[in-house]
Amino acid sequence: MPVARELIVSIDAMGGDAGPGIVITALLRVSQRHPAVRFILVGDEAVLNDLLARHAKLRERVTVRHAPERVSMEDKPSHVLRRGRETSMWKAIESVKNGEADVAVSAGNTGALMAMAMFQLGIIEGISRPAIATIWPTLRGQSVVLDCGANVSATAEQLVDFAVMGKAFAHAILGLAQPSVGLLNVGSEEQKGNDSVKGAAQMLRQ
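Residues 746 to 951 in our numbering are what the sequence shown lists, from first letter to last.
Now the structure itself:
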């Protein structure tokens, strides 16, 4: 779906296993599909400028922001919250907090990303815990699945929060006027599942 207005995306260019090279490759594809998108690329300035020098058209749509450090996949969230202020991940999220970007993207350490985002951006009022949303293809189109890795366990209330966020996501991103909501469980019978799932099912029906 083409982007109708200019969208500014801040990207942790140093996150993930493949480093900044694959990020530039991805930006080339995105820039072709969505000509209204601009990018803030956060990471090692010298490395990023060298990669962008080979792509003049893309370079025109990119602002490079230097970050001297990066978050590794092994770093603990508590550690990066205390000492990660100069990392590309922190600064990418910070640009959203400061109103410079609409959204931040990282392929790096998920736990650190969630912790940094919660610390800098906070949580939507009425929502107790964030979740990771994934789009699954189905025979009828696409489904939004929450939570796919941010939380080891969730209460019934939190599962309902995930349902609310998933419905909003499907409406805003997938363009579904009235998305349906379901619970992924070990069976369709009402007596199956743990107390959290059964409690969430009851609350959603009400």
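The C-beta atom is built at its ideal place from N, Cα and C for all residues, glycine as well. Treat the numbers as computed from the prediction; the structure is a model and nothing was measured.
For a test of the three-state rule: what should DSSP assign to residue i, helix, strand or coil?
i           : result
residue 747 : Caution is warranted here: a pLDDT of 48 is assigned to residue 747, below 50, making its placement in the model unreliable, and the coordinate value is therefore given only provisionally. In the structure shown, residue 747 sits in coil (DSSP, three-state: anything other than H, G, I, E or B).
residue 849 : strand
residue 868 : coil
residue 887 : strand
residue 875 : coil
residue 906 : helix
residue 762 : coil
residue 945 : helix
residue 752 : strand
residue 924 : coil
Let me check understanding here. Comparing Cα to Cα, which of the options lies closest to residue i?
i           : options               : result
residue 772 : 802, 828 and 853      : 802
residue 902 : 951, 866 and 864      : 951
residue 764 : 754, 814, 798 and 800 : 814
residue 931 : 774, 941 and 795      : 941
residue 886 : 832, 864, 900 and 920 : 920
residue 822 : 844, 895, 789 and 884 : 895
residue 844 : 819, 824, 866 and 832 : 866
Between which residues of its own chain and residue i is the CB-CB distance below 7 Å, once the five residues before and five after are set aside?
i           : result
residue 834 : 757, 760, 816, 851, 853, 857, 858 and 861
Within its chain, find whatever has a CB closer than 6 Å to the CB of residue i; leave out the 5 residues flanking it on each side and keep chain order.
i           : result
residue 786 : 756, 758, 793, 807 and 809
List the whole-angstrom C-beta distance separating residue i from residue j, where the pair is believed to meet the contact cut-off of C-beta under 8 Å.
i           : j           : result
residue 949 : residue 926 : 6 Å
residue 889 : residue 911 : 5 Å
residue 769 : residue 797 : 7 Å
What does a CB cutoff of less than 8 Å around residue i pick up in its chain, not counting 5 residues either side in sequence?
i           : result
residue 751 : 781, 782 and 783
residue 805 : none
residue 899 : 874, 892, 907 and 941
residue 855 : 877, 894 and 895
| request: Report the residue ranges of all beta strand (DSSP E) runs contained in full by the region 770–819; include only those spanning at least 3 residues, in chain order. | output: 782–788 and 807–811
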